[in-house]
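Peer 1: Quick note, the sequence shown lines up with residues 9 to 189 if you use the numbering used here.
Can you keep this structure in mind? I'll have questions shortly.
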Amino acid sequence: MRFFLVIILFSSLPAFAQPSDFLVLKKHNKTIKRFYAGGNIEMMTKQGAYRNAIINAIRNDSLFLQEFLVQDVPTIWGSMIHDTLGSFRYAYHYNDILRIGKRKPGFDIRGSGVALMYGSALIAFGSGMVYLTDRKRFSEELLLGGLALGAVGYILTKLGSKPIVMGKHGYKIQYVQVTPQ
């Protein structure tokens with residue numbers, strides 16, 4: 009008898025779901041990514057504002073974002089903890105988005121190239137100091153090898169992942185309205 013009571017109770021209650029608007033990132037009319045309320049977005053606006061925030065809502069052609077200010081705070085034991093100092097709320101029209109994303113996940117080619125360039129500068133500086141102080145120990149091969157690594161690092165930074173720029177290479181963002189007016 010209880011079994012039938014549970015079935016009648018749950019079958020008599022209608023289920024309602026509230027649809028939500030969303031944004032679609034497309035390249036040549038092929039969907040690359042969708043952005044929903046509750047998700048994260050990393051973007052730069054046409055005015056130059058960089059935001060890495062949570063999407064609170066998408067409605068009426070606008071994104072409502074919340075960005076948190078997080079800072080490392082030292083404790084009395086000498087360790088560091090992350091502390092949220094506050095949050096900021098922003099609203100942007102979806103056409104104000106200039107770039108989406110900073111880097112693609114995975115191996116960071118651009119960061120590796122920058123590391124190679126810094127290492128090359130350090131090797132060149134060290135070789136210069138050895139040349140000025142003790143010319144017998146100076147190695148031209150080490151200097152040329154360091155400069156070659158710097159050139160490879162420069163090429164890697166140019167080939168590395170870049171943000172998606174709206175309008176370039178067929179990228180566009182589209183607002184999809186699901187909620188009724």
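All C-beta atoms, glycine included, are put in the ideal place defined by N, C-alpha and C.
1. Cα separation between Leu150 and Gly109?
2. How would you call Leu1, buried or exposed, if buried means at least 16 neighbouring beta carbons within 10 angstroms?
3. Do you know how far the Cα of Met137 is from the Cα of Arg143?
4. Excluding the 5 residues preceding and the 5 following Gln79 in the sequence, name in chain order all residues of the same chain whose CB lies nearer than 7 Å to its CB.
5. Tell me, please, whether the stretch 36–47 touches the stretch 153–162 by the rule of three or more beta-carbon pairs shorter than 8 Å.
6. Does the beta-carbon of Leu124 have 16 or more other beta-carbons within 10 angstroms, so that it is buried, or is it exposed?
7. Just to check my reading of the structure: Asp29 and Tyr183 have Cβ atoms closer than 8 Å, yes? What is that Cβ distance to the nearest angstrom?
8. What number of angstroms, rounded off, separates the C-alpha of Leu73 from the C-alpha of Met174?
9. Which same chain residues, not among the five before or five after Ile131, have their C-beta less than 6 Å away from its C-beta?
Peer 2: Taking the structure as given:
1. Residue numbering aside, residue 150 sits at position 142 when the sequence shown is read from its first letter. Residue numbering aside, residue 109 sits at position 101 when the sequence shown is read from its first letter. Distance between the alpha carbons of Leu150 and Gly109: 38 Å.
2. Coverage of the chain is limited to positions 9 through 189, which leaves residue 1 absent and any answer about it impossible.
3. For this step, residue 143 is matched to residue 135 along the sequence shown. For this step, residue 137 is matched to residue 129 along the sequence shown. Rounded to whole angstroms, Arg143 to Met137 spans 10 Å at the Cα level.
4. On the sequence shown, residue 79 is found 71 positions in, with the first residue counted as 1. Asp91 and Leu93, listed in sequence order.
5. no
6. Position 116 of the sequence shown, counted from the start, is the residue given in the question as residue 124. That one is buried.
7. Position 21 of the sequence shown, counted from the first residue, corresponds to residue 29. Position 175 of the sequence shown, counted from the first residue, corresponds to residue 183. Contact holds; Cβ gap of about 7 Å.
8. Numbered from its first residue, the sequence shown carries residue 73 at position 65. Numbered from its first residue, the sequence shown carries residue 174 at position 166. Looking at the two C-alpha atoms, the distance is approximately 19 Å.
9. As a first step, residue 131 is located in the sequence shown; it is residue number 123 there, counting from the start. Excluding residues within five positions, the ones whose Cβ falls inside 6 Å are Gly154.
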